[in-house]
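Accompanying notes for the structure given below.
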Amino acid sequence: MNYLWLFAVAGGAALLGIALAFGMIKQDGQRSVLAISGAFVVAIGALVLGLYVASAPTAPMRASDREGSQQKLPAAATTEKDLPGQ
Numbered sequence: 001m002n003y004l005w006l007f008a009v010a011g012g013a014a015l016l017g018i019a020l021a022f023g024m025i026k027q028d029g030q031r032s033v034l035a036i037s038g039a040f041v042v043a044i045g046a047l048v049l050g051l052y053v054a055s056a057p058t059a060p061m062r063a064s065d066r067e068g069s070q071q072k073l074p075a076a077a078t079t080e081k082d083l084p085g086q
């Protein structure tokens, strides 16, 4: 699922970049070559960073059980008795 969202976000950015590059080339072709090449370098860097983040491990999740032992952990959900002024 992470790769689907990565493709959606990166694909939308790529389409926007292509539209901007087309407009820049239509206005001033010689000057826009450096800007477009810089945009490609940034896009490739963002893709590599996105793939790294998508493949990084996440924190382990502890499933709930009948005894509710997940509520006894230090990072358990807040209850009413934990709130100030109660």
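Using the UniProt record's numbering, you'd call the opening residue of the sequence shown number 1 and step up by one each time.
We put the beta carbon where it would ideally sit given N, CA and C, even for glycine.
Please read all numbers here as calculations on a predicted model, not as lab measurements.
- Following the DSSP letters along the chain, one finds residue 31 inside the alpha helix (DSSP H) bounded by residues 29 to 55.
- With contacts defined by Cβ atoms closer than 8 Å, residue 50 and residue 15 do not form a contacting pair.
- No Cβ-Cβ contact shorter than 8 Å links residue 17 with residue 35.
- In the displayed model, residue 59 falls within coil according to three-state DSSP, outside both helix and strand.
- Taking C-beta separations shorter than 7 Å and ignoring five residues to either side along the sequence, residue 45 has no partners in its chain.
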